[in-house]
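Undergrad: Here the protein sequences line up with chains A, B, C and D, keeping their order. When we follow this note's numbering, the leftmost residue of the first sequence carries the number 1, and every step to the right adds one. When we follow this note's numbering, the leftmost residue of the second sequence carries the number 1001, and every step to the right adds one. When we follow this note's numbering, the leftmost residue of the third sequence carries the number 2001, and every step to the right adds one. When we follow this note's numbering, the leftmost residue of the fourth sequence carries the number 3001, and every step to the right adds one.
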Amino acid sequence: MPAKTDVVSNEIKLQLYSLLYKTRATEDRIIALYRQGRIMGGVYTGRGVEATTVAAGLALEKQDYLFPIHRDLGAHLAKGQSVLNILLQYLGRGNSLTKGKDSGIHMSDTTLNIIGNVSHLGAMIPVAVGVAMAKKMQNEKVVTLNFIGEGGSNIGDFHEGLNFAAVHKAPFVLVIENNQYAYSTPAHKEYVCNRLSDRAQGYGIPGYHIDGTDALGVYATIKKAIEDARNGKGPSLIECLSMRMVGHSAHDDAFYVDKEQMKKYEKKDPFLRLEQVLRKEGLLDDKQIKRIQDTIDKEIEQATDIALNSPLPEAHWAAEGVYAE
Amino acid sequence: MPAKTDVVSNEIKLQLYSLLYKTRATEDRIIALYRQGRIMGGVYTGRGVEATTVAAGLALEKQDYLFPIHRDLGAHLAKGQSVLNILLQYLGRGNSLTKGKDSGIHMSDTTLNIIGNVSHLGAMIPVAVGVAMAKKMQNEKVVTLNFIGEGGSNIGDFHEGLNFAAVHKAPFVLVIENNQYAYSTPAHKEYVCNRLSDRAQGYGIPGYHIDGTDALGVYATIKKAIEDARNGKGPSLIECLSMRMVGHSAHDDAFYVDKEQMKKYEKKDPFLRLEQVLRKEGLLDDKQIKRIQDTIDKEIEQATDIALNSPLPEAHWAAEGVYAE
Amino acid sequence: MAEITYLQAITEALREEMQRDEKVFLLGEDIGIYGGAFKVTKGLYEEFGQARVMDTPISESAIIGVAVGAALVGMRPVAEMQFADFITVGFSQLVTNAATMHYRYGIPVPIVVRAPSGGGIHGGAFHSKNPEAWFVHQPGLKVVAPSTPADAKGLLKAAIRDNNPVLYFENKFLYRRIKEKLPEGDDVVVPIGKARLVKPGRHVSLITYGSMVHACLQAAEILNEQDQLDVEILDLRTLQPLDKEAVLSTVERTSRVVIVHEANLTAGIGAEVAALISDNGFEMLDAPIKRVAALDTPTPYAPVLEEYFMPNPEKIIVAVRQVIHF
Amino acid sequence: MAEITYLQAITEALREEMQRDEKVFLLGEDIGIYGGAFKVTKGLYEEFGQARVMDTPISESAIIGVAVGAALVGMRPVAEMQFADFITVGFSQLVTNAATMHYRYGIPVPIVVRAPSGGGIHGGAFHSKNPEAWFVHQPGLKVVAPSTPADAKGLLKAAIRDNNPVLYFENKFLYRRIKEKLPEGDDVVVPIGKARLVKPGRHVSLITYGSMVHACLQAAEILNEQDQLDVEILDLRTLQPLDKEAVLSTVERTSRVVIVHEANLTAGIGAEVAALISDNGFEMLDAPIKRVAALDTPTPYAPVLEEYFMPNPEKIIVAVRQVIHF
Ligand SMILES: Cc1ncc(C[n+]2csc(CCOP(=O)(O)OP(=O)(O)O)c2C)c(N)n1
Ligand SMILES: Cc1ncc(C[n+]2csc(CCOP(=O)(O)OP(=O)(O)O)c2C)c(N)n1
Ligand SMILES: [Mg+2]
Ligand SMILES: [Mg+2]
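1. Following a CB-centred definition, is Y17/A positioned closer than 7 Å to any heavy atom of ligand 3?
2. Touch check for the stretch 84-96 of chain A and the stretch 52-70 of chain A: three-plus C-beta pairs under 8 Å?
3. Nearer than 7 Å: is that true of the beta carbon of I2058/C relative to any heavy atom of ligand 5?
4. I need the boundaries of the alpha helix (DSSP H) containing N10/A, first residue and last residue.
5. Helix, strand or coil: how does DSSP classify R3298/D here?
6. Among A1324/B, A1220/B, E1299/B, whose alpha-carbon lies nearest the alpha-carbon of L1009/B?
7. Let's see if you can read the secondary structure: which residues bound the alpha helix (DSSP H) around N3280/D?
8. Compute the distance between the beta-carbons of T53/A and F147/A, then report whether it is under 8 Å.
9. Under 8 Å, with one C-beta from each stretch per pair, do the stretch 2103-2116 of chain C and the stretch 1168-1180 of chain B reach the 3-pair mark?
10. Would you say F2086/C touches ligand 1, meaning its beta carbon is less than 7 Å from a heavy atom?
11. Under 8 Å, do A1128/B and T1111/B count as touching if we go by C-beta distance?
12. Distance cutoff 8 Å, beta carbons only. Does H248/A sit that close to anything in chain D?
13. Just to confirm, does R2176/C get its C-beta within under 7 Å of one of the non-hydrogen atoms of ligand 1?
14. Given that a residue counts as buried once 16 or more other Cβ atoms are within 10 Å of its Cβ, and exposed if not, what is F2326/C?
15. Since G3119/D contacts S3128/D with CB under 8 Å, what's their CB separation in whole angstroms?
16. Answer with yes or no whether the minimum CB distance from E190/A to chain C is below 8 Å.
17. Please list, in chain order, the chain C residues whose beta carbon lies closer than 9 Å to that of K1141/B.
18. May I have the straight-line CA-CA distance separating K41/A from I3064/D, to the nearest angstrom?
19. Per DSSP, what kind of secondary structure is M2054/C in: helix, strand or coil?
20. Quick check: is the beta carbon of A134/A nearer than 8 Å to any beta carbon in chain D?
21. Please give me, in chain order, every unbroken run of the alpha helix (DSSP H) with length at least 4 that falls completely inside the stretch 3198-3261 of chain D.
22. Is there a Cβ of chain D sitting closer than 8 Å to that of V2260/C, yes or no?
23. List the residues of chain A whose Cβ lies closer than 8 Å to the Cβ of F2091/C, in chain order.
24. Between S3147/D and chain B, is there a C-beta pair that is closer than 8 Å?
25. Applying the criterion that 16 or more other CB atoms from any shown protein chain within 10 Å of the CB defines a buried residue, is N1309/B buried or exposed?
26. Sort Q3050/D, I3031/D, L3248/D by Cα distance to T3041/D and report the nearest one.
27. Beta-carbon of S3061/D versus every beta-carbon of chain A: anything under 8 Å?
28. Quick one: measure Cβ to Cβ for E3232/D and V3204/D, integer angstroms, because I've assumed they're closer than 8 Å.
29. Spell out the partners DSSP gives S1236/B in its beta bridges.
30. Using the beta-carbon count (16 or more within 10 Å), is Q2082/C buried or exposed?
31. With a threshold of 7 Å, establish whether the CB of G3069/D neighbours any heavy atom of ligand 4.
32. For V3213/D, is the classification buried or exposed, using 16 other Cβ atoms within 10 angstroms of its Cβ as the cut-off for buried?
33. So G212/A and N178/A are supposed to be a Cβ contact under 8 Å. How far apart are they, rounded?
34. DSSP three-state label for V3136/D, please.
35. In terms of alpha-carbon separation, which member of E140/A, L237/A, V277/A, A250/A lies closest to Q63/A?
36. Can you list the residues near ligand 4, meaning Cβ strictly closer than 7 Å to any non-hydrogen atom, in the order they appear in the chain?
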């Protein structure tokens, strides 16, 4: 059961809307840059799961730690990351957060309490639990949140990390972005339990199974889990059901995806869905929508310009920074 | 819920009794040999969990595969292993099943479809699942059974292996020997879910939580799970609750164990408990008990003599056999 | 004679071995309908069905463990890691279970783990790794790393027929970049443990494997033109067991050695080869043994950084000139 | 001055560092009330409480991952593997997360992983491993392997204070077998990256570390008596980064080298040391570089097999005589 959404303030609703638009527009720009041959590495986008990732990122407080994974550009943005930093990162520029050393949105920002991922699925779960436990030791009321796909949820670190968190009552929230495919593999070849949230019971923690295309429901539920964690109630597992609306990555045409399923989910487009609700609630009209979108479009335009004109890293940097002083 | 025990035949009941005695007597002999300095490596015994391991081993058919772990001497015996082979193995003799190359009861016997373990807890789960899947591919109605401790159940391979088995409907049974301690660590520091069998739900397979000190109940339940697996219903997870009645290994005095708990479980001694039932049912009397025990004592005596007089391996064997032809 | 790529050679080997022996089956992530992340198994699902081309959950430890189990009872599984990098999560199954089973129990473990490895594709730190040295240090495993379509095919056939766990590192940079004419339907098995003399030469030996065979060829050409050097190139092909004889005989011929690999320098295969030579070929040497390898850093993402990081013909040429002018 | 064992030295280092810096905490299996499988953490639970001496579930990957996470936000975790062998299941966290975080993100990962390693205790294939070479091949990790109580203490202090992930291989055969007088309450930090000249000599250099330092000392004594040889012994102490200067300067002094380690021979640390010398010390060498190490097999269980498997003074003596009479 999702938590009640009437706790979500109008301000948050509008923020969610802006962020959903920003996420989609930024990702569209990244794909365009990729198609132009300007981005070299893999490009994975969040189309279809944006409501989940954006709402999760926004539900965190400033002091909380975010561990995003490969489709979580929206969470980066929601936690305060700039479009510019994201583009610099994809473009591998010398002034990006990783100075060109890492790819895609593998990037950390300690000023925003964002810790980037490694590609190995599930590997960040124990690390995020470690941050949560350390913050508890340091007597700070800080929550840590990490994502995993329904495919990645079958890796050993999911089990070890979540059990560890439960035993140590770590202030930790794990969000399963169940978008029904893992690369080409449909969910039923990844697991055969009814719901992945049922796994929570095996760790003695609360599990939630919710509609991951409904930004408001996701926000309310994750917010509750975060505050439970903050209040010493330990970790939660939240499964957000959605659908990957594009290929696995920019080079994949998703020929293997169930087309009926796609159609069904086109109607549940997280962005349009929220727009509809907010229009109905009188929080948005055409004019406001245009203003929001124009502002964001302009930001992306400017960021793209700056990013493309930013310097490449110097070659010899490759040899530096393996070890800390 | 354990399966009904009235399906257990008298013959099986008596076999269980003999095997429980044999297990205990053999382990006592091994400890004596260890104390005499004749066994060099670590010695872990099944005291307290014998009902589980013996019943599981006996519930398997000849063609089924057994993957025992460190406290499962009883399962080796139940699957048909001789006391002599077990002693030769502990003593590291040249004519042991591993020719002195591996320790303790890390031993395989392909004539009995027993595959020995590595020390890494949980590592045999995926391997056992692989055997189960292969046998299915080969169109043989063969079931594979493996054990794990409640401590070991928190390792990644538990999760990966069980999920894999569930997805592929492998004819596989995983028995959790929950003896409430993992070395010195009490169960509540290993996991905080109510029952480990609750984890079954997260894999979409049946989970059973039963009294692991009741040989008849364990036998009936595991037998059912084995036959379900054989009939294409996929894997099961069976948690058998018992208590480790000795230290972790022969050198551990278990000072950390809850003494009240120990007392409680003394009354549930798997061997005495079965003896009582069988006496009550008229299947055993003093005379028969003496006959059974004498026969086994004699076998152990003889095996010990032969084993101690068996040759050590030749030193240069150490260099051989790394690779198969 | 059809010209096939390195990638097609792998597919052909899989297909032919599956046709030849019904015990051979494949397992891995997205290898079924999708044909694998690199399309190596494309068409095999259609030909052999899902029981023999098995999509698995994302569980590398289980993939390898299940392969080991199946091998114990007579099957010949070929597991695919989507990228060699992810072998780290199945590491323990390989070094603990697969590698030691025969020594301890006398039971053969005929598995193959295919691992697409190597950089130059801007994949960053986790899609570029060359982890072969880890496995060469674990007794009980065999390790091969083909550099040509012919070897890709012949070594994979040998790996599948071998009764031991074999790690098969296929270089993904080479997948579609090199082609070779192979006799159609040939059944040439390239024996594990035998190096290949790519090019005989008199002045210096380049000992290498995998993608760097091609960098060495380029370097040799330039060195021939610019320095009039006749460079010998030895492709190790198998890294465990190493072909010591071939290594020592090239040293005997040229007395000067540069070892080249794409993996990180320190404690890589180059170290073992250098150690072998410095023990058994000491008297034949006229110059220090040089190694050319990737920097001792994770693989960086930006092309300019990755180029600086990777070994290449220029770096090989520098090293050759050093040992020549020593 | 109290005489303390190698094991006590480790305990003292932990205690003193925990007293000095409240960010230091311990995590691992059975390290609390039980004091660890080898009793290394005995008494620390009582002194520092369960928040700083944390029993964990049996989950090596999570233990290391959690340590990495805690380190990212300012803590200084020291994780214990119950046996070095079990590090294989936490392998990916080390080589993937811990090793690359600083290079990619500029965030230091000050963790220590203590791993009781080594054989000679009849522990069989899974309680005897010396897996250090795997980690030396992964850029971003540091690796130390003390051979004496003083170094055990001083290197652990250095490891805890280092801002990088450090693997600390403590040899469990040495735990209670060697003692040394150390000044009470000393705070001597043995710098990471510096080898120790155990014994100067003129005729041959034994380059070694860990338990084999003691085997080398025994061999040196016998060689002195029987062959009138003056053997130099260099204890590497740190395996990553290697002290190249010290290695080359011992070669310079003696011109003859035998490298000795307890780990399996192939692609072990000895290979890297030999490669270093054969590149940078080529002109100084008067004989082939020999390596003495464990056989390339899993560790066998029966004492007679294990003895045959392990390097020992006799094998070292044979190798020394070979390089001397070359
Ligand atoms: C341990 C590991 N194995 C394989 C991969 C390759 N891989 C990258 S993404 C992916 C699919 C992930 O599916 P899911 O977890 O459902 O996330 P989604 O991409 O659907 O959001 C795979 C197999 C990986 N990154 N890590
Ligand atoms: C991966 C791994 N980590 C640690 C160990 C060391 N170890 C051996 S037995 C044991 C306790 C096991 O407890 P449990 O699984 O409950 O089984 P029990 O001994 O109680 O039967 C530990 C920690 C190991 N063998 N494998
Ligand atoms: Mg998915
Ligand atoms: Mg237990």
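All C-beta atoms in this analysis are idealised placements derived from N, C-alpha and C, irrespective of residue type, glycine included.
TA: Per the coordinate set shown:
1. Placement of the Cβ of Y17/A at a distance of 7 Å or more from every heavy atom of ligand 3 is found.
2. no
3. Ligand 5 is not among the ligands present in this structure, which contains only ligand 1, ligand 2, ligand 3 and ligand 4.
4. 10-35
5. Before going on, a small fix: residue 3298/D reads as Pro here, not Arg. DSSP places P3298/D in coil when its eight states are reduced to three.
6. Checking the displayed sequence, the identity of residue 1009/B turns out to be Ser instead of Leu. Per the Cα distances, A1220/B.
7. 3269-3280
8. yes
9. no
10. yes
11. no
12. It does not: the Cβ of H248/A has no partner Cβ on chain D nearer than 8 Å.
13. no
14. exposed
15. 4 Å
16. yes
17. The contacting residues do not exist; K1141/B stays about 14 Å from chain C at best.
18. Note on identity: in this sequence residue 41/A is Gly, with Lys being the wrong assignment. Their Cα atoms are separated by approximately 29 Å.
19. strand
20. yes
21. 3212-3227, 3244-3254
22. Answer no: the Cβ-Cβ gap between V2260/C and chain D never drops below 8 Å.
23. By Cβ distance, chain A contributes nothing, its closest Cβ being about 11 Å from F2091/C, past 8 Å.
24. no
25. exposed
26. I3031/D
27. yes
28. 7 Å
29. V1173/B
30. buried
31. no
32. V3213/D comes out buried.
33. 7 Å
34. Collapsing the DSSP output to three states places V3136/D in a helix.
35. E140/A
36. This criterion selects G1149/B, E1150/B, G1151/B, E1177/B, N1178/B, N1179/B, Q1180/B, Y1181/B, A1182/B, R1244/B.
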